[in-house]
Amino acid sequence: MTSLLILNGPNLNLLGTRQPEVYGKTTLAEIEAMCAAKAKDCGCSVTCLQSNCEGELVNAIQATRGTHDGIILNAGAYTHTSVALLDAIASIDVPVIELHLSNIHAREEFRHKSYIAPVAVGQICGFGPDGYSLAMDAMLSHLGHAT
Ligand code: DQA
-7 MTSLLILNGP NLNLLGTRQP EVYGKTTLAE IEAMCAAKAK DCGCSVTCLQ
43 SNCEGELVNA IQATRGTHDG IILNAGAYTH TSVALLDAIA SIDVPVIELH
93 LSNIHAREEF RHKSYIAPVA VGQICGFGPD GYSLAMDAML SHLGHAT
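Be aware that the sequence shown starts at -7, since it is given in this note's numbering, and climbs by one per residue.
Put into structure tokens, the structure is as follows:
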């Protein structure tokens, strides 16, 4: 069965109360429940992980080798700083879709730079929690998974 990892980075555990004017009021638990329900509908499996630690995100990316077929990654602020995440993604064969709730290109200049984008299949941003569902569709299509 096609297996996806939904990986969320720093401060995304605070969704729901963190800057709701930017990120909305949906909690991470609600997003993960939506992803699990969608996976059931699509006939794939989904694992959801969140960490505030860069090294743990690197470990999770490396651990997908042989266990997951695709990664949907919201790396939070590490998107804009982390060569380690870029290197981790470049070191594995598992495809990654970069995801952001907000439209990072319409925000501060420092958010326009992504270290993930050059090693990602593509980027989805600006659609709030719906982005996770869109990213799952995009990844399943990329993987040739028939839904
Ligand atoms: C974010 C955008 C990042 O710039 C920010 O640091 C986040 C969340 C988003 O989902 O919109 O933590 O990745």
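Quick reminder that beta carbons are idealized off the backbone N, C-alpha and C, glycines included.
Terminal residues of the continuous beta strand (DSSP E) containing residue i?
{"i": "Ser(-5)", "result": "-5 to 0"}
{"i": "Asn51", "result": "First-last for Asn51: 46 to 54, but that is the alpha helix (DSSP H), not the beta strand (DSSP E)."}
{"i": "Ile63", "result": "62 to 66"}
So what's residue i in DSSP terms, helix, strand or just coil?
{"i": "Glu100", "result": "coil"}
{"i": "Ser43", "result": "coil"}
{"i": "Val86", "result": "coil"}
{"i": "Gly120", "result": "coil"}
{"i": "Ser94", "result": "coil"}
{"i": "Val75", "result": "helix"}
{"i": "Val113", "result": "coil"}
{"i": "Ser125", "result": "helix"}
{"i": "Ser106", "result": "coil"}
What is the rounded straight-line gap between the Cα of residue i and the Cα of residue j?
{"i": "Leu135", "j": "Thr9", "result": "34 Å"}
{"i": "Leu78", "j": "Thr71", "result": "9 Å"}
{"i": "Ser37", "j": "Ile(-2)", "result": "11 Å"}
{"i": "Ser83", "j": "Ala98", "result": "30 Å"}
{"i": "Val75", "j": "Val113", "result": "17 Å"}
{"i": "Ile53", "j": "Glu13", "result": "30 Å"}
{"i": "Glu46", "j": "Ile116", "result": "21 Å"}
{"i": "Leu7", "j": "Asp85", "result": "30 Å"}
{"i": "Pro121", "j": "Leu49", "result": "20 Å"}
{"i": "Ala69", "j": "Pro2", "result": "7 Å"}
{"i": "Ala67", "j": "Leu91", "result": "8 Å"}
Since residue i is in the alpha helix (DSSP H), which residue starts that stretch and which ends it?
{"i": "Lys30", "result": "20 to 34"}
{"i": "Tyr15", "result": "12 to 15"}
Is there a Cβ of chain C sitting closer than 8 Å to that of residue i, yes or no?
{"i": "Ile(-2)", "result": "Within the model displayed, chain C is absent; a lone protein chain is all it includes."}
Three-pair Cβ contact test at 8 Å for the stretch 51 to 62 versus the stretch 11 to 22: Flag = no, the stretch 51 to 62 and the stretch 11 to 22 do not touch.
Touching by the beta-carbon criterion (3+ pairs, under 8 Å), the stretch 121 to 136 and the stretch 100 to 108: Two segments are said to touch when three or more pairs of C-beta atoms, one from each, lie closer than 8 Å; by this definition the stretch 121 to 136 does not touch the stretch 100 to 108.
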